[in-house]
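The structure appears below as structure tokens.
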Amino acid sequence: MSHFQIITKLRSIRYIERVVSYQTRVGHQFGTNMANSNIEIEIQVNIENPKPLIEFLEKNGNFQSEKHQVDEYFSPAHRDFLGVRPVKEWLRLRDTDGKYSINYKNWHFDESGKSQYCDEFETKIEDIEQVRKILSVLNFKSIVIVDKSRKAWAYKDYEVAVDSVKGLGDFVEIEYIGKDDKVEPKKITKEMINLLKKIGCGKIIRNYVGYPFLMLFPKEVKYEIQ
């Protein structure tokens, strides 16, 4: 790699670092008005019986992909993402069968501490090893790796993913992929749960923290039967 390429990558990561810092300041100041076009609404649950869901999706959904994803999460030394509760921010490098991306999420919570939606920023990267080295040089610490296999379907305004996560087990994630950026997150997540109930998946157990938190702090997780 040439000196020019190294400098260009360093500048790109420094820009990402500034974005992470800026988005946090903006989120604290303006709350839910932050980056509406980048809002993500999703739920993550364990279901008692995934077979009816898979059969329903195979019949009524549009199969999207089957892939293996390895996600590595980082925290900056100057501002520990894990030092607050609930954990709001996650910075992730993802390897999806040899295709790479970097992603930043800033979660918004209701008054009871339950996650409602997040502001999400993501872009493809060419060389994950170089980006990992740059993050290390800039004093970003690797905190956890999530290794999972995923099957995903599109159904109406949702992407439904069935995940098998190494060390955690099987989960279902449902993400809103509709075009209306003025939707009410609580209404959408309620509709997601109702869809699973209508299909007949048995007991539905929801968490509000995501895979990295489940792996890092399993004793802190509060589950909710829907």
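Numbering (full-length UniProt numbering), first residue to last: 1 to 226. Think of the CB as a built atom: it goes at the ideal place given N, C-alpha and C, for glycine as much as any other residue.
- In terms of Cβ geometry, V162 and P212 do not form a close pair [threshold 8 Å].
- Of the residues assessed, E173 falls on the buried side of the cut-off, its CB having 16 or more other CB atoms within 10 angstroms.
- Of R94, T96, E120, the smallest CA-CA separation from N106 is found for E120.
- Looking at D180, E48, N38, K88, the one whose alpha-carbon comes closest to that of F171 is E48.
- Pairing C201 with L91, the inter-Cα distance amounts to about 32 Å.
- The C-alpha of D181 is placed about 29 Å away from the C-alpha of F74.
- Going by C-alpha positions, F56 is about 17 Å away from K203.
- S149 is bridged by DSSP to H68, S164.
- For I174, the secondary structure class from DSSP, reduced to helix, strand or coil, is strand.
- Residue environment for D127: exposed (fewer than 16 other C-beta atoms within 10 angstroms of its C-beta).
- The alpha-carbon of L216 is positioned some 18 Å away from that of V45.
- When the five nearest sequence neighbours on each side are left out, the beta carbons in the same chain lying within less than 6 Å of the beta carbon of N103 are those of R92, E122, in order along the chain.
- Under the rule that a run must span 3 or more residues, the beta strand (DSSP E) segments found entirely inside the segment 37-111 read 42-47, 62-76, 89-96, 99-109.
- Residue environment for P218: exposed (fewer than 16 other C-beta atoms within 10 angstroms of its C-beta).
- Between D147 and V70, the C-beta spacing is below 8 Å.
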